[in-house]
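Right, one structure below, let's go through it.
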Amino acid sequence: MSGNRLGDTLAVQRAEEVRRAARALLRRPLLWAGGAGSEEFRLVRQHATELRTWFERNTGWSLLVDSEVARLRRIPGRDSDPTHPARDQRTGLPFSRRRYVLACLCLAVLERAEQQIALGRLAEQIVLAAADPELAASGIEFTLADREQRTDLVAVVRLLLGWGVLAKVAGDEDAFLKSAGDALYDVDRRVLAGLLAARRGPSTVRASGRGAALFEQRLTELNAEVLPDSDELRNRALRHGLTRRLLDDPVLYLDELSEAESAYLASQRGALTRRIAEFTGLVPEVRAEGVAMVDPDDDLTDLRMPESGTDGHVALLLAEYLAGRGGTVALSVLHLQVQGWALEHAGFWRRSASAPGAETDLTEQAVERLAALGLLERTQAADGTEAVRPRSALDRYRVGETVLLEPGQQATRKATPRTTARATKNTKTTSTKGKTR
Amino acid sequence: MSDVGDPLASRSSAMEPADDEDSRYQPFAHLNATNRALYRQVMGVFVRAKQEFTVHLRPEDVHLGLPAADRPPLEAVTVALERLGKWGNLRADPDTGRVTALEDFYRARHIYQLTQPGEAVEEALAAYDEALGRRGELQAVALADITFHLRALRALAGRPEPDPVAVHLALLALVDRFSGLAENARAFMNSLQRTVDLHDADVEVFLAYKRRLIEYLERFIEDLVTRGAEIAGLLEDLGAAPEGLIGPLLRLAAEREAADAAPDAAAEALADGRQRWHGRWDGLRAWFLSVPGRSSQAKLLRSAARQAVPQLLGVVQALNERRAGRSDRSADFRELARWFAQAPDDDARHRLWRSAFGLHSARHLTIDQEALAEREADPVPASASWYDAPGVRISPQLRRSGSYERRGRARAVQDRGEAKAYLAELARKQAEQTAAARARLATRGEVRLSELDELDPAAFRLFLLLLGDALAAWRPGLDSVTATTNDGTMEIRLTRLPGAGSAEIHTFDGVLRGPDHLVEILDLAGGYEPGLPVGASTAGGGR
């Protein structure tokens, strides 16, 4: 008997560890032994086989684990999502064109580099690599001439430091910025080798066309997988695609799916979401409009909603303002709203928020956050100005009516028995839906 | 070849009549004329003919001399010859040769030869082409020649009466070879820099020559090392200009050169000649011999050439990769860089970043535990819309202020009051104990050890401490000793009692036995008065 109980306890513990490892990989698909996530790396390594099997079967993502590095090579469920840019490690701003180019050139140089490299040497070689006629033709130039270019290079290097491709040995980047010094790095070849996640080497892609069409073709080719030619393989491809999106994206809207995907999801939804829930601890929130895997632990995400701080508060207020409103709302209207809120919450918000003109930035950031979370989409108003359109999941954040309920009293809004019960409880406990104004 | 729109061309055709005021440079006019290519070809024929010691050419000969592939009609050649004759490049002489056809006889017939200006133009152009086209070669042969001439000079310097002719010729030859070498070295350094600089490199040419270039470089470095050492040795032997072995030889050469000068300028010419030769000799030495603080040219050249090899190899590699487009990772990254550069907008780049690197975090909405529990108890049907289903709870505090006390994770502020109280209590108790022990021990006058009653553990520990201090101060021959505790709060006076028995002190832990003594213990910390609180007693101590 006690042996069984021990076995059960071990099994539970093991499942818990696998779940933590899986979540770690979803949050940070590149873990290495020496990095900040070394504890998580240990877990991943310990349960590598199980994790690899699950990811392979359900998503088609391959998991490479060796003694130093664990890398989940994630192919996105859809390639049309621009809300995951590379970001400056200090300011959090998305990378610019030149920084992206520099990052790639930097990696190309490092691929050829010895075990160590100095920032100055790296810069020299990037300058050489940037002389590629095709790059020059597209207007990218990198000569290390001014501080701006140095800043770009340092931002790229910091990104690589963050991912463990480089490890600092001596010196610092700030001195390099002022042209007053240099820095020395170790190059971690194993991390470097696993950095590119695409199945196909970009240099093998032959795409033709011009401008945007060329780009789309390249991107499609890059993500292309072998075309399934049997029912089973087709189903597997559908399963992979849907699971990828459920694992990575905040909300999966049914109206975004193809007919085959819709059909597959309709019949397999339970199995899909149950597997994910068991594996990651996410909970399915299935609604008429779509499915969201929501997180009770609130850490399997890079953007929180709700979030504290001025920006988070603006996003929350905006979400509440837009929820249930339907239709498109012009950005200018939102600007006015934010301006009002800035006055109202001046005591709580950061000081710069009430400066004239600050509402544009605040609104922009809030809209960006909500759009990235799949709660909002950008569109154009009838008069051609910029506008946003709330998506249905935004209604999770609507504000309820102010209700002061005595036990047994009926709530006014959406007076189904279920919501009544909830509302009653709400006022007693945390009064989420109570309007505070 | 068309020069339409070229102002020089129109100018040159306007000046075709040879009586232009600047007729000195007329022979260059054909360079800017419309049929430049033909003119150059024709002149080429004359230059080649001259090398073969042929002086006169008939139009037919010139015509045949042109490359067969694109040979213009004979008439065009004749016209060209006439033009060149007008510009002064060629001289036309009446052709007195026999003809076999009647029309030839009636035609104005000429034979042509290069004029002096024409020849000068050709030389100038050849020099120009050579200078521009020079790839900068290093002459390993020159090094051998220099060695040879230096050896000859060394041998001449050893003779009592060197032959001035031999000396002069050897020196001249040396200077000739050397200036050639120096010139080439300079050109070589220039071209090397150009080649290594990828921006300007002519890729095809570079790739075609890379192996030869590198082999050549390596051979040259080797030669420079071996020959350079020999040359340096010879130069050392011959010494610096006026004093060394070379001095008389240079003087001979200068004298020989000055011999041709007019008699009144002879002295001056001699001085000039000497100075010139000394300068040359110094230059040669500086080339091959390093002096402290300055490396020789040969050394600099050697290190430049040596550095160039790996640099060249790097360029070769980069070029090869760029051309071959191999799918190695480096090429992949390079290709990606191009994609990023060519992507239509920022959104496209963000999408590409996600697809290519997949380094992003998963992103999920949150649900609070309470709502989750409710849903489990009372499930929301899957057919419900988000518009109808219950939402998430937002803490009113967060809604109001934007700052977030995260639910269930309130940071526990530890209340240390209890621990502090405990510590205070402990300290109080210890102080009390010490004070009590002191009070217990203080003897108010001399007593015998044996008269001390039973001691409690605290008092006994204190007593042992005092006793230890006293015994440590004990010296042979003393009858009495006084000691103070380290903290200066107690004093013990111990006096030997000869003939006394042993004393026994009973404690909770056992019995201490020893020879009996008279003992007086004083509490220096201030009179402890029974019944007074401890705190007051210590405070009264004035510490």
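Chains as they are written, first to last, in UniProt numbering: chain A, 1 to 437; chain B, 1 to 543. Idealized CB from N, CA, C, for every residue including glycine. Source: prediction; values computed, not measured.
- In its chain, beyond the 5 residues on either side, Cys106 and Val109 have a beta carbon closer than 7 Å to the beta carbon of Leu122 (chain A).
- Across the structure, Ala155 (chain A) and Ser354 (chain A) are spaced so that their CA atoms are roughly 30 Å apart.
- In terms of beta-carbon proximity, Ile117 (chain A) stays away from the interface with chain B, with every pair separated by 9 Å or more.
- For Gly77 (chain A), the closest of A:Glu111, A:Gly35, A:Leu247 and A:Ala266 by C-alpha to C-alpha distance is A:Leu247.
- Here the segment 358 to 366 of chain B lies against the segment 65 to 77 of chain A, with 3 or more beta-carbon pairs under 8 Å apart.
- When Cβ-Cβ separations below 9 Å define contact, Glu134 (chain A) makes contact with chain B.
- Of all residues in the segment 329 to 348 of chain B, only Arg329, Ser330, Ala331, Asp332, Phe333, Arg334, Glu335, Leu336, Ala337, Arg338, Trp339, Phe340, Ala341, Gln342, Ala343, Pro344, Asp345, Asp346, Asp347 and Ala348 come within less than 9 Å of chain A when Cβ atoms are compared, listed by chain position.
- The beta-bridge partner set that DSSP reports for Pro29 (chain A) is empty.
- In this structure, the beta-carbon distance from Gly201 (chain A) to Arg329 (chain B) falls below 9 Å.
- Not a single C-beta of chain B is nearer than 9 Å to the C-beta of Arg52 (chain A).
- At a C-beta separation below 8 Å, Gln307 (chain B) has no neighbours in chain A, since its nearest C-beta there lies roughly 14 Å away.
- Listed as beta-bridge partners of Glu364 (chain A) by DSSP are no residues whatsoever.
- With fewer than 16 other beta carbons inside 10 angstroms of its own, Glu376 (chain B) counts as exposed.
- Proximity of chain B to Val294 (chain A) at the Cβ level (cut-off 8 Å) is accounted for by His364, Leu365, Thr366 and Ile367, in chain order.
- In the structure shown, the three-state DSSP call for Pro94 (chain A) is strand.
- Taking a C-beta distance under 9 Å as the contact criterion, Gln46 (chain A) and Glu17 (chain A) qualify as a contact pair.
- Inter-residue distance for Asp163 (chain B) and Glu236 (chain B) is about 22 Å (C-alpha atoms, whole angstroms).
- The criterion of a C-beta distance shorter than 9 Å is satisfied by Arg391 (chain A) and Tyr253 (chain A).
- Collapsing the DSSP output to three states places Gln115 (chain A) in coil.
- Using beta-carbon distances, Tyr128 (chain B) does not count as an interface residue toward chain A, since no partner is under 9 Å.
- Under the three-pair Cβ rule at 8 Å, the segment 215 to 230 of chain A does not count as touching the segment 254 to 261 of chain A.
- Residues of chain B whose Cβ lies closer than 7 Å to the Cβ of Pro29 (chain A) are, in chain order, Gly358 and Leu359.
- Between Gly37 (chain A) and Ala24 (chain A), the gap from beta carbon to beta carbon is short of 9 Å.
- Ranked by Cα distance from Tyr387 (chain B), the first of A:Leu373, A:Glu320 and A:Glu368 is A:Glu320.
- Contact with chain B is absent for Thr59 (chain A), since none of that chain's Cβ atoms lies less than 9 Å from the residue's Cβ.
- Between Leu282 (chain A) and chain B, the shortest Cβ-Cβ separation is below 9 Å.
- Taking Ile521 (chain B) as reference, the option from B:Val481, B:Glu268, B:Gly88 and B:Val511 with the minimal CA-CA separation is B:Val481.
- Interface annotation for the segment 389 to 402 of chain B against chain A: Ala389, Pro390, Gly391, Val392, Arg393, Ile394, Ser395, Pro396, Leu398, Arg399, Arg400, Ser401 and Gly402, criterion Cβ-Cβ distance under 7 Å.
- Minimum Cα-Cα distance from Ser80 (chain A) among the listed residues B:Leu518, B:Ile221 and B:Trp353 corresponds to B:Trp353.
- Near chain B, meaning a CB-to-CB distance below 8 Å, the residues of the segment 156 to 167 of chain A are Trp163.
- Contact with chain B is absent for Leu227 (chain A), since none of that chain's Cβ atoms lies less than 9 Å from the residue's Cβ.
- Residue environment analysis places Pro381 (chain B) among the exposed positions, since fewer than 16 neighbouring C-beta atoms fall within 10 angstroms of its C-beta.
- Against chain B, the beta carbon of Phe348 (chain A) has neighbours under 7 Å at Ser401, Gly402 and Ser403, listed in chain order.
- By the C-beta criterion, the segment 57 to 72 of chain A is judged to be in contact with the segment 230 to 244 of chain A, since at least 3 inter-stretch pairs fall below 8 Å.
- In summary, Gly499 (chain B) is exposed, with fewer than 16 beta-carbon neighbours lying within 10 Å of its beta-carbon over all protein chains present.
- Take Trp339 (chain B), set aside five residues on each side of it, and the residues of its chain with a beta-carbon closer than 7 Å to its own are Leu352, in chain order.
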